[in-house]
Amino acid sequence: GNWVANKRTSMKSGRFPDENVKALDALGFDMDPNETERQILWRSYLTALAEFVEREGHARVPNIHEERVGRTRDRLSGWVVKQRMARRRGKLSREMIDELDALGFDWDPLETDFERGLAALTQFVAREATAVSHKTPPHLRSIAYSKMYLAPRGRGPRARDNKLLTAGVDKSIASAMSA
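See below:
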């Protein structure tokens, strides 16, 4: 009842003395009875992701994409986003990370998109022997602009400027795009 719920809450918040934890452990007290259910659910989503990868050839689940998870259909895309957040917060075990990595899980799709776009832009500059600047046709400039706006959060403008400058993007354009 309530006593058990209070002990579990105290334990999770770190306000439960170690000797009390040991005493309850000795009695076989389950501090988190839902953990097994969570593990089963996680495994179900992992299986759904593996089936998606088998069928689609990649682990980049589109937004609002549903898959069969266990007996129901659910948003696999939402679970994928939660895994990325859980890893950033240190909430995924090494085993979970390894299992997702084995499926080709993309931990930072914005960075992946930026790098792919940068590679395409670099090829364009090499092929055309010209830097991307305000004189470049608008449809080609949009490649550079869109890649800058897709650049990942937490990466400073200077890092993006340097990558674009290396690719041959005019310095004034690179600064404007990464601002």
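In the working numbering, the protein residues as written are 11 to 189. All C-beta atoms, glycine included, are put in the ideal place defined by N, C-alpha and C. Keep in mind the model is a prediction, meaning the values are calculated, not measured.
Residue range of the beta strand (DSSP E) that includes residue i
i	result
VAL79	76-79
Which of helix, strand or coil DSSP assigns to residue i
i	result
ASP84	strand
ARG137	helix
LEU245	The first residue shown for the chain is 11 and the last is 189, placing residue 245 beyond what the model contains.
LYS17	helix
ASP118	coil
PHE62	helix
PHE202	Here the chain comprises residues numbered 11 to 189, so residue 202 is not present and cannot be evaluated.
ARG48	helix
ARG94	helix
ARG2	Because the chain is modelled from 11 through 189, residue 2 falls outside the range shown and cannot be assessed.
Element boundaries [alpha helix (DSSP H), containing residue i]
i	result
ALA226	One cannot answer for residue 226 here, as it falls past the ends of the chain, which runs 11 to 189.
ALA69	It is not in any alpha helix (DSSP H) - ALA69 carries neither H nor E in the DSSP assignment.
LEU102	No alpha helix (DSSP H) contains LEU102, which DSSP labels as neither H nor E.
Segment contact flag, the region 91-106 with the region 121-130, C-beta cutoff 8 Å, min 3 pairs: no
Three CB pairs or more closer than 8 Å across the region 14-33 and the region 61-71: no
The region 100-120 in contact with the region 69-77 per 3-pair CB rule at 8 Å: yes
Inter-stretch contact at 8 Å, needing at least 3 Cβ pairs: the region 76-87 / the region 127-134: no
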